[in-house]
Each structure stands twice: as structure tokens, then as C-alpha cells.
Amino acid sequence: MTTHAADVDVQRDALAAMERLCANDANNAKLGEAGACERLAESMRAHVSSAAIQQQALRAIAQLGKNVANRVKLGEAGVCDLLAERMREHAPDALRAVVTLGKGSANRSKLGEAGVCKLVMRALTMHAYDAEVRWHAIQAIARLGENDANKVKLGEAGACGHLIDGMRTIAVATHMIIIGAVGTLCENDANNAKFGEAGACERLVLFMRGHSGSATIEQEALAVRVMTKLGKNSLNNAKLGEARACELVADLMWLHVADVGVQRHVLKAVAMLAENDANNAKLGEAGACGLLVESMRAHADDAAVQAFALCAIETFGRDGANRVELGQAGVCEVLVHAMRACAGHAVRLAAVVRAIAVLSRNDANSARLGLLLSQPQ
1 MTTHAADVDV
11 QRDALAAMER
21 LCANDANNAK
31 LGEAGACERL
41 AESMRAHVSS
51 AAIQQQALRA
61 IAQLGKNVAN
71 RVKLGEAGVC
81 DLLAERMREH
91 APDALRAVVT
101 LGKGSANRSK
111 LGEAGVCKLV
121 MRALTMHAYD
131 AEVRWHAIQA
141 IARLGENDAN
151 KVKLGEAGAC
161 GHLIDGMRTI
171 AVATHMIIIG
181 AVGTLCENDA
191 NNAKFGEAGA
201 CERLVLFMRG
211 HSGSATIEQE
221 ALAVRVMTKL
231 GKNSLNNAKL
241 GEARACELVA
251 DLMWLHVADV
261 GVQRHVLKAV
271 AMLAENDANN
281 AKLGEAGACG
291 LLVESMRAHA
301 DDAAVQAFAL
311 CAIETFGRDG
321 ANRVELGQAG
331 VCEVLVHAMR
341 ACAGHAVRLA
351 AVVRAIAVLS
361 RNDANSARLG
371 LLLSQPQ
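Under the numbering used here, the letters of the sequence shown match residues 1 to 377, in that order.
Here it is as C-alpha cells:
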């Protein structure tokens with residue numbers, strides 16, 4: 001590539017060979033060590049007018065960048081800017097390259113600064129009926145959105161609405177990638193509100209209900225995490241409740257009572273949903289009180305489950321009927337046990353005390369707690 005830098009045919013063929021060789025991990029590493037990343041960037045700059053070279057270079061980037069060291073080298077060679085310049089003409093290949101390069105945090109920042117967020121959204125709009133472009137664009141949004149500045153740029157470029165539209169029209173196989181992207185972008189408050197306005201709450205619950213028998217535990221856990229993030233917005237919290245998220249969460253608590261990972265995420269979701277008074281009552285009616293206590297018993301040795309459960313009790317117990325049901329489910333005994341078990345942990349002890357204070361607003365719970373605490377250990 002260095003000897004025949006001006007020869008278009010040689011450069012094109014060399015880039016094609018580079019792409020093929022990268023299929024082998026060892027070769028990929030060797031190419032990086034031999035300076036392939038830098039030569040690729042030089043070739044793109046020297047042959048700006050050659051569509052064949054630009055397209056082949058983008059394909060090679062997508063393969064070279066699968067190697068961590070090569071991703072760094074490509075970024076340092078200025079490939080992020082070069083890629084941005086080619087997105088209009090070669091959208092599918094450019095998007096694949098964005099997904100690969102974007103695995104590196106420094107590259108995500110560079111891609112955002114090069115205007116790639118807007119270009120990805122432009123590609124999604126221009127190729128609305130091209131399934132391949134949409135697939136890679138959604139992956140690119142998810143990847144770019146891991147950078148905080150890019151979250152803002154993507155939101156301003158209309159990514160929130162596009163993602164939710166995708167859940168209505170794109171094949172189900174793509175939905176988990178979309179849900180992951182929603183979870184990333186909604187960490188920005190403005191985006192969170194936009195997702196709510198676009199119907200994300202209803203669409204997420206509908207998807208979870210429609211795939212309750214086929215989704216993996218990992219997929220269900222991801223969906224619950226995204227629900228919890230969306231619910232940090234008070235309007236979204238109410239929308240989730242209206243979409244029957246409370247009943248869905250209670251079902252998941254029951255179905256996966258033995259899975260500590262799912263319980264952590266579900267209890268966190270319960271605490272979030274219970275911040276809304278209507279949701280709080282719905283959770284109680286769905287049987288979440290007894291399920292919460294059962295989860296605390298089943299995972300007594302898991303600090304995260306205990307912490308999220310205590311947080312849930314603190315919000316959950318604001319509802320009078322829930323305080324009664326929690327007491328009848330044996331929460332007083334569980335809390336006293338937890339209080340004695342974490343005597344040397346100030347933060348956990350404080351959480352237990354707050355939960356006890358909430359439950360004690362019910363006379364029967366207060367009497368039961370007093371009796372239990374008066375007994376010797």
C-alpha cells in the first residue's frame with residue numbers, strides 16, 4: 001500500500017485483502033502491528049474521489065476494529081472524521097464501521113464531535129424502508145449513546161421517536177437492541193421525557209407482556225432495568241402504571257423468585273413505581289407485598305436484594321393497605337432479623353430503621369415490632 005499509494009486498483013485490492021485477512025483474529029492483530037490502520041487512513045485521504053476505495057476502506061474498518069488495539073489506532077489515525085465524510089454515500093458500510101469503532105470510548109467521543117449522531121439519524125430517515133440500514137443504524141445509536149454528549153445530540157436529532165417507531169414497525173428480533181438503546185438514551189432527562197411522549201412506556205410493557213413466555217431471563221431483566229430508568233420521570237411513572245406495569249412486575253417477582261439477579265432489578269422497579277400513589281395501590285392489589293417479603297427471605301444473604309427491598313418497603317409502605325399486607329406477610333420478623341444481622345453496617349441499618357418507621361404507622365405492625373425487638377436475640 002505504501003509503494004503503490006497512488007494506484008487506485010492496488011489500493012482497492014489491498015483494502016479488500018485486508019478485510020478478508022481480518023476474519024482471522026491473529027491476522028487482525030498482525031495487520032495492526034504492521035501499520036494497516038495508518039495506511040488505510042492515508043488511502044482514504046489520498047483517494048477521496050474513488051467511491052470504490054472509500055467503500056472498501058469502510059468495510060475494512062469494520063473488520064480491523066474488532067481488535068481492541070486496532071480500534072485505538074484507527075481513532076488516532078483520524079478515521080472517525082473520515083468515516084463521517086463518507087456516511088452519505090455509503091450508509092450501510094459506514095454504519096457497520098461506526099458500530100465497531102464505537103466500542104472504544106475515545107472513538108465514541110470523536111464520532112460525536114465529527115457529527116456522526118446527526119448523520120446516523122439522517123441515514124435512518126433516508127433509508128426508512130431499508131431493513132439492513134435500519135438494523136445497523138439502531139446498533140449505532142445504542143453504541144454512540146454510551147457517551148453523555150452523544151445522548152444529547154441523538155435526542156436533539158430525533159432518535160427517541162425513531163426508536164419507538166421502530167418497535168412498532170421493525171421485526172421483533174430487533175426489539176431487544178432497541179430496548180437497550182432506549183435504556184442508554186433515557187439516562188438523559190430530556191430524552192427520558194421524549195421517550196414518554198413517544199409512547200415508550202406503553203410499548204415496553206406491551207412487548208414484555210407479548211413475550212413473557214419466550215423471552216430469556218436476561219432479556220426480561222434488561223426490560224425491567226429500562227422500565228426503572230424510564231420511571232424516574234414522574235409522568236412516565238404514571239404511564240407505566242396505566243399500562244399495567246405494576247401487575248407485570250408482580251408476575252416477574254413470582255415467576256423468578258429464585259433468581260437473585262431478576263429479584264434485584266424487580267425490587268428496584270417496585271420502589272420506583274411505588275413513588276406514584278396510584279401505582280403503589282396497584283402493586284399491593286397485585287400481591288407485591290407478600291412477594292417482596294418472600295424475596296427477602298429467599299435471598300437473605302444477598303446485600304443488593306435486601307437493600308432494594310428495604311427501599312421498596314419505604315415507598316411501598318406509604319399506602320395504608322400495603323402496610324397491613326406487609327405486616328400480615330411477616331415483614332416485621334424479616335426486618336428485625338435484618339436489623340440484628342446488619343448491626344455493624346451503618347448504611348444498611350439506617351435503611352432498616354427507615355422501613356420500620358414507615359411500617360410502624362400501622363398499630364398492629366408497631367405492636368408486633370415492639371414485641372419482637374424486646375425479645376432477646
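Think of the CB as a built atom: it goes at the ideal place given N, C-alpha and C, for glycine as much as any other residue. From a predicted model like this one, the values you see are computed outputs, not experimental measurements.
Buried or exposed: which applies to residue i, given that a residue is buried once 16 or more other Cβ atoms fall within 10 Å of its Cβ?
i, result
"Gln377", "exposed"
"Ser374", "exposed"
"Gly370", "exposed"
"Arg59", "buried"
"Asp7", "exposed"
"Ile217", "exposed"
"Ser295", "buried"
"Leu325", "Note that residue 325 is Glu in the sequence shown here, rather than Leu. Flag for Glu325 reads buried."
"Asp384", "No answer is possible for residue 384: the residues shown for the chain start at 1 and end at 377."
With residue i as the anchor, note down where its alpha helix (DSSP H) starts and where it stops.
i, result
"Asp189", "189-198"
"Ala62", "51-64"
"Ser374", "363-374"
"Asn27", "25-33"
"Val257", "Careful: Val257 lies outside any alpha helix (DSSP H) and carries neither H nor E."
"Thr184", "175-185"
"Lys73", "68-76"
"Gln377", "Note, Gln377: premise wrong, no alpha helix (DSSP H); not H, not E."
"Ser43", "36-46"
"Ala343", "Taken as a continuous stretch (DSSP letters only), Ala343 belongs to no alpha helix (DSSP H), as it is neither H nor E."
"Asp13", "8-21"
So, using beta-carbon positions, are residue i and residue j closer together than 7 Å?
i, j, result
"Ala97", "Ala131", "no"
"Leu144", "Gly102", "yes"
"Gly330", "Val293", "yes"
"Ala271", "Ala312", "yes"
"Glu314", "Ala355", "yes"
"Ala114", "Gly75", "no"
"Cys22", "Leu64", "yes"
"Ala77", "Ala46", "no"
"Gly384", "Lys66", "The structure shown does not extend to residue 384, since the chain is modelled only from 1 to 377, so the question has no answer here."
"Ala238", "Ile179", "no"
"Arg323", "Asn362", "yes"
"Leu163", "Cys201", "no"
| Sequence ranges, alpha helix (DSSP H) only - wholly within the segment 87-160, length at least 4 | 91-101, 105-113, 116-126, 131-144, 148-156
| message | Threshold first: 4 residues or longer. Then list the alpha helix (DSSP H) segments lying entirely within the segment 218-299, N to C. | response | 234-242, 245-255, 260-273, 277-285, 288-298
| task | Tell me the start and end of each unbroken alpha helix (DSSP H) in the segment 303-337 that is at least 4 residues and wholly inside, in chain order. | result | 303-316, 320-328
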